[in-house]
Amino acid sequence: MTKQEQIIECEKRLLTAFKNNDIEVVEELLHDNLLFNIPSGQTVTKEMDIANIRSGVMEIIEISTSEQQICVTDDIATVAVTMYVRANLSNNLMEGKFRYLRVWKFDNNSWKVIAGSRFQI
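Residue 63 in UniProt numbering sits at position 63 of the sequence shown; the count goes up by one each step and never skips.
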């Protein structure tokens with residue numbers, strides 16, 4: 001399997017894990033030093049993401065992807081993707097198209113998201 005194919009598989013696993021609130025897989029795929037910027041300007045860490053899943057604050061109802069671009073350089077992969085997301089965040093419905101940027105790093109024999117951002121389009 002090429003590195004690009006590995007990243008495609010990791011992206012699918014990550015989205016499925018978030019949709020199914022699968023904390024074990026999310027923990028596996030997020031780097032311990034993750035920094036992820038969200039539209040409010042807040043920077044989210046791995047611990048914050050896991051806490052949101054665990055507490056039920058975040059529930060993804062529907063998610064789909066399009067316009068995915070992947071660039072792999074050595075042990076770093078950058079993914080730019082458009083996603084339609086419908087989710088319940090703290091009892092507030094969030095729905096729309098978002099552009100995500102995720103940076104994957106090959107670390108300890110596996111790919112992990114170490115950085116990212118999202119903004120609404």
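For glycine and all other residues, C-beta sits at the position ideal for the given N, C-alpha and C.
Cα-Cα, which of I76, V85, E95 and Q42 is closest to F18?
Here the closest residue by C-alpha is V85.
Out of E47, I61, N92 and G116, which has the shortest C-alpha to C-alpha gap to V81?
When each option's Cα is compared against that of V81, the closest is G116.
Could you check whether the region 106 to 116 touches the region 21 to 36, counting it as contact only if at least three pairs of C-beta atoms, one from each stretch, sit closer than 8 Å?
These segments touch.
Between the region 84 to 102 and the region 52 to 69, can you find at least three pairs of beta-carbon atoms closer than 8 Å?
With a cut-off of 8 Å, the region 84 to 102 and the region 52 to 69 count as touching, because enough Cβ pairs lie within range.
Compare the C-alpha of T65 against each of M48, V79 and V72 and name the closest.
If we check each option's Cα against that of T65, V79 comes out closest.
Given this structure, state the Cα-to-Cα distance separating T43 from M1, to the nearest angstrom.
Straight-line Cα distance between these residues: approximately 33 Å.
Counting pairs of Cβ atoms below 8 Å between the region 65 to 74 and the region 6 to 13, do you hit three or more?
With the cut-off at 8 Å, the region 65 to 74 and the region 6 to 13 touch.
Strictly by DSSP, which residues pair up with G116?
Paired residues: F36 and R102.
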